[in-house]
Amino acid sequence: MNASVSLTQVLSDANLLQAWYKVKSNQGCAGTDGVTLGDFERNLFSKLALIKDEVVYETYRPWPLLRVYVPKKNGGLRPLSIPTVRDRVLHTAVSLVITPLFEAEFEECSFAYRQGRSVQMAVEQVERLRDQGLVWVVDADIKSYFDEIDHNRLLLEVAKLVHDEAILSLIKQWLKAAVRDGKRTEYLKRGVPQGSPVSPLLANLYLDKLDEAMLGENYRLIRFSDDFIVLCKSRKQAEKGLKFTEQVLESLKLRISSEKTGITTFDQGFRFLGVDFVRSLALKAVYPDVELTPVKFDTLAFVPPCSSRDLNGPAQQEKIPEQTAVTAMADAFSQAGIAPDDFPDIEPPELLTGDESEPEAGAAAGVDHDPLLRTLYLFKPGTVLGKESERFVIRRSGKVLQKVLSIKVDQIMIFGNIQITTQAMQFCIAEKIPIFLLSGKGKFYGIIDAFDTDPVLLHRDQFNRASDVDFCLGLAKELIHGKINNSLVLLRRQSRRQSSSELSKSVTGMTSILQKMKSAQTLDELRGYEGFAARSYFQGIASVLDGDWRFSGRKKHPPADPVNALLSYGYTLLYYNIYSLARARGLNPHVGFLHSIRPGHPALISGYLE
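Numbering (the working numbering), first residue to last: 1151 to 1760.
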């Protein structure tokens, strides 16, 4: 198979953001750097930009994994190795991109940690084969599977599917990461860390050779991660199947656990994936309550709250969910906050296109997460913004009006005569939350934020690109094309609601401009087309508005009517939201590609608003 994934796909804004929301939804614990999900979410885009820069400029190094211990259902403790939140985001970003390549190689007999597959499907397959007369069962167990995976062999298999050297380098780093266990540090020489979002994919790939070999010899294998059975028609066939299984696993540098492996039948009964199969019955297994084994914390790492479940509380008495496999990998990832469907098919949001179709009445937008930038607006004169603990406190005349969790604020916009306490200002600078200062009417005075040197390499590239005339022209064409095209969509939608010759004229004119601008040879020519399109757009809008609005076109200084006043106000808010977003992504707002660089002018921002 010709792999086509690249590091660019992994580090795209949409993919990194999707990876973050996946990590956040799993509610895992902090790693060895002590950074929690809440900590990471503050100035999220700056942190995602820093991950991207470190990988691109080859300065990225994973933090040591945090060794924690969780109780097993059958007693004892299982070690997990948990990456930091920052590393989990990158693990997930890689997994989202390479999963389709791996899925194309996996066999139908594999059911664990794959989109659209479940424990129930595996159980139903067991019942189907039983009903076909395959009543002899090889019930196998691989000894310490996840700790014994050979790195060199695994990387050879990964390299057959992933040809991008940069992605392969990341996976190599993760496999050989350091593990911090209390005061001790060790390095992984084999195995995959149980607790990493990329491990289920790698573990499945390593055993794909077993799947292929068994199916090639016409054995009926059903595998859920490292837990598998082979169904046969006779004892003789089952004995041959067990011997063949041992040979294949030996070639993979793995061993069968003789104590947990044997040949049985449905009449005798056996347990697989938390289900007891007895003759024609399949009954959900009942597990005894787990009794915690006393742990000496001077020799073991402290177990942080990896999820909302309290290891010492009543949650230990919870029943096993219907769709949860009782295997080492399933339990380990459950404790680490990683769900079986860790790699869902989620499409990034799309911009308006030339498609004129509209959503059906009542259709809701499929957004189930916070907005990209969460802004605290303060307008009322005499208001004081302070900070107490992890909250911003808004007061007026000594009375507390509202408290806002600081984690829910990405930027603050101050309009008019409003005070900010030193504590609040220092906190915002430390957490890279910009504070915009404007007059009561929206005139920009300045911004309070930290002097951030993290994206200096990105700034260097940005300046270099800004001096590349061909690059600037190409990028500006794409941006202006999208802007005009989106405006056309809105005008066409409006034209279906009411007829107007001026509206039709605007649509025709802007359509013509879209074609002509393709041949623009200079930025000045392109800016001219942009100006014509803007005038045509606002003339079309003016033709459908009621005359009482007194709107005849865009007039900025000063706004001459209510519509222009609203537009100017809206552009002001949008302007500084985009300014913050650019800063959060590490970009220099003053280095643009449509307008030339000049002192005091955020060319990157102003070029694409009107």
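Don't be surprised by glycine CBs; every beta carbon is placed ideally from N, CA and C.
Straight-line Cα distance separating Y1207 from F1594: Residue 1594 sits at position 444 when you count from the first residue of the sequence shown. Residue 1207 sits at position 57 when you count from the first residue of the sequence shown. Looking at the two C-alpha atoms, the distance is approximately 36 Å.
Taking the alpha-carbon of R1192 as reference, which of S1162, K1582 and L1338 has the nearest alpha-carbon? In the sequence shown, counting from the first residue as 1, residue 1192 sits at position 42. Nearest Cα to R1192 within the set S1162, K1582 and L1338: K1582.
Which residues mark the beginning and the end of the beta strand (DSSP E) in which T1533 is found? Against the sequence shown, residue 1533 aligns to sequence position 383. First-last of the beta strand (DSSP E) with T1533: T1533 to E1538.
For the alpha helix (DSSP H) containing M1271, name the first residue and the last one. The sequence position of residue 1271 within the sequence shown is 121, counting from 1. Boundaries of the alpha helix (DSSP H) around M1271: V1269 to D1281.
Quickly, what does DSSP pair V1763 with across the bridge? List them, please. Residue coverage of the chain in this structure runs from 1151 to 1760, which leaves residue 1763 outside it and unanswerable.
Going by other Cβ atoms of all chains shown within 10 Å of its Cβ, with 16 needed for buried, is G1345 buried or exposed? To locate residue 1345, count along the sequence shown from 1; it is residue 195. G1345 is buried by the Cβ-count criterion.
Among all the DSSP beta bridges, which residues are the ones paired with L1215? Taking the sequence shown and counting its residues from 1, one reaches residue 1215 at position 65. L1215 pairs with V1329.
With 16 other Cβ atoms within 10 Å as the buried cut-off, status of S1686: Working through the sequence shown from its first residue, we reach residue 1686 at position 536. So S1686 ends up on the buried side.
Are the Cβ atoms of T1234 and G1181 separated by less than 8 Å? For the purposes of this step, residue 1234 is taken as residue 84 along the sequence shown, with counting starting at 1. For the purposes of this step, residue 1181 is taken as residue 31 along the sequence shown, with counting starting at 1. Yes, the Cβ-Cβ distance between T1234 and G1181 is below 8 Å.
Roughly how many angstroms lie between the CA atoms of K1174 and L1187, to the nearest whole one? Here residue 1174 refers to the residue found at position 24 when the sequence shown is read from its first residue. Here residue 1187 refers to the residue found at position 37 when the sequence shown is read from its first residue. K1174 and L1187: Cα-Cα distance of roughly 7 Å.
Tell whether a beta-carbon distance below 8 Å holds between N1592 and F1565. For this step, residue 1592 is matched to residue 442 along the sequence shown. For this step, residue 1565 is matched to residue 415 along the sequence shown. A quick correction: the sequence has Gly, not Asn, at residue 1592. Yes, the Cβ-Cβ distance between G1592 and F1565 is below 8 Å.
Near I1747, which residues of its chain fall below 8 Å by C-beta distance, leaving aside the five closest residues on each side in sequence? Sequence index remark: in the sequence shown, residue 1747 carries index 597 (1-based). Within the same chain, I1747 has close Cβ partners A1616, H1740, V1741 and A1753.
I need the straight-line Cα distance from F1416 to S1430, nearest angstrom please. Numbered from 1 along the sequence shown, position 266 holds the residue referred to as residue 1416. Numbered from 1 along the sequence shown, position 280 holds the residue referred to as residue 1430. Whole-angstrom Cα-Cα distance: 8 Å.
C-alpha distance - F1427 paired with L1325, whole-angstrom precision: As a working mapping, residue 1427 is identified with position 277 in the sequence shown. As a working mapping, residue 1325 is identified with position 175 in the sequence shown. Between F1427 and L1325, the C-alpha separation is close to 37 Å.
Which first and last residues belong to the alpha helix (DSSP H) in which S1349 is found? Residue mapping note: residue 1349 aligns to position 199 of the sequence shown, counting from 1. S1349: member of the alpha helix (DSSP H) spanning S1349 to Y1356, first to last residue.
So, is Q1138 buried or exposed, given that buried needs 16 or more other C-beta atoms within 10 angstroms? The chain is shown only over 1151 to 1760; residue 1138 falls outside these bounds and no answer can be derived.
Might you give, ordered along the chain, the residues of its own chain that have their beta carbon closer than 6 Å to the beta carbon of A1600, omitting 5 neighbours on each side? As a first step, residue 1600 is located in the sequence shown; it is residue number 450 there, counting from the start. Excluding positions up to five away in sequence, the list reads I1579 and K1582.
Residues in the same chain with beta-carbon distance under 6 Å from F1586, minus the five sequence neighbours each way, listed in chain order, please. Taking the first residue of the sequence shown as position 1, residue 1586 is located at position 436. Residues M1563, I1597 and Y1726 of the same chain have their beta carbon placed closer than 6 Å to that of F1586, with the five preceding and five following residues left out of the count.
Beta-carbon contacts of L1279 that lie in its chain and below 8 Å, excluding the five residues immediately before and after: Here residue 1279 refers to the residue found at position 129 of the sequence shown. Result list for L1279: R1370, I1372 and L1381, in chain order.
Would you mind working out which of E1628, Q1561, S1231 and D1314 sits nearest I1728, comparing C-alpha positions? Within the sequence shown, residue 1728 is the residue found at index 578, counting from 1. A check of alpha carbon separations from I1728 across E1628, Q1561, S1231 and D1314 identifies Q1561 as the nearest.
Among the residues of its own chain, which have a CB less than 8 Å from the CB of P1531, if the five just before and after it don't count? Counting from 1 along the sequence shown, the entry for residue 1531 is found at position 381. Cβ within range, chain order: G1566, N1567, I1568 and G1590.
In three-state DSSP terms, what is F1613? For the purposes of this step, residue 1613 is taken as residue 463 along the sequence shown, with counting starting at 1. F1613 falls in the helix class under three-state DSSP.
Can you list, in chain order, the residues of its chain whose CB lies under 7 Å from that of A1272, leaving out five sequence neighbours each side? Against the sequence shown, residue 1272 aligns to sequence position 122. The beta carbon of A1272 is closer than 7 Å to those of F1261, I1372, F1374 and L1423 in its chain, skipping five residues each way along the sequence.
Nearest candidate by alpha-carbon position, reference E1540, set T1525, S1547 and I1557: Mapped onto the sequence shown, residue 1540 falls at position 390. Answer by Cα proximity: I1557.
Unbroken beta strand (DSSP E) runs of length 3 or more, entirely within the stretch 1631-1693: which are they? Runs found: none.
Check whether the Cβ atoms of Q1648 and V1694 sit closer than 8 Å, and answer yes or no. For this step, residue 1648 is matched to residue 498 along the sequence shown. For this step, residue 1694 is matched to residue 544 along the sequence shown. In this structure, Q1648 sits near V1694, with a CB-CB distance shorter than 8 Å.
Considering only the alpha carbon of each residue, which of R1545, L1535, R1546 and L1551 lies closest to T1572? As a working note, residue 1572 is residue 422 in the sequence shown. If you compare the alpha carbons of R1545, L1535, R1546 and L1551 with that of T1572, the shortest gap goes to L1535.
Since M1660 contacts L1638 with CB under 8 Å, what's their CB separation in whole angstroms? As a working mapping, residue 1660 is identified with position 510 in the sequence shown. As a working mapping, residue 1638 is identified with position 488 in the sequence shown. About 5 Å separates the beta carbons of M1660 and L1638, which is inside the 8 Å limit, making them a contact pair.
Rounded to whole angstroms, what's the CA-CA distance from K1705 to L1623? Just pull it up for me. The sequence position of residue 1705 within the sequence shown is 555, counting from 1. The sequence position of residue 1623 within the sequence shown is 473, counting from 1. So the two alpha carbons sit approximately 28 Å from each other.
Measure the C-alpha to C-alpha separation of R1211 and E1277 and round it to an integer number of angstroms. Taking the first residue of the sequence shown as position 1, residue 1211 is located at position 61. Taking the first residue of the sequence shown as position 1, residue 1277 is located at position 127. R1211 and E1277 have their alpha carbons spaced roughly 47 Å apart.
Identify whether S1175 lies in helix, strand or coil by the three-state DSSP scheme. Position 25 of the sequence shown, counted from the first residue, corresponds to residue 1175. Helix, per DSSP.
What are the residues that DSSP puts in a beta bridge with I1557? Indexing the sequence shown from 1 puts residue 1557 at position 407. DSSP lists no partner for I1557.
Just to confirm before moving on: does the CB-CB distance between L1360 and L1399 stay below 8 Å? Reading the sequence shown from its first residue, position 210 is the one you call residue 1360. Reading the sequence shown from its first residue, position 249 is the one you call residue 1399. Using a Cβ distance threshold of 8 Å, L1360 and L1399 count as a contacting pair.
What do you reckon, are the CB atoms on L1246 and Q1177 nearer than 8 Å? On the sequence shown, residue 1246 is found 96 positions in, with the first residue counted as 1. On the sequence shown, residue 1177 is found 27 positions in, with the first residue counted as 1. At a Cβ-Cβ threshold of 8 Å, L1246 and Q1177 do not count as neighbours.
Start-end ranges of the alpha helix (DSSP H) lying completely within the stretch 1334-1416, minimum 4 residues: Entirely contained in the stretch 1334-1416, the alpha helix (DSSP H) runs reaching 4 residues are, in chain order, 1349-1356, 1358-1366 and 1385-1401.
Between E1298 and K1403, how many whole angstroms is the CB-CB distance? I'm expecting something under 8 Å. Your numbering for residue 1298 matches position 148 in the sequence shown. Your numbering for residue 1403 matches position 253 in the sequence shown. The Cβ separation is near 7 Å, so the contact holds.
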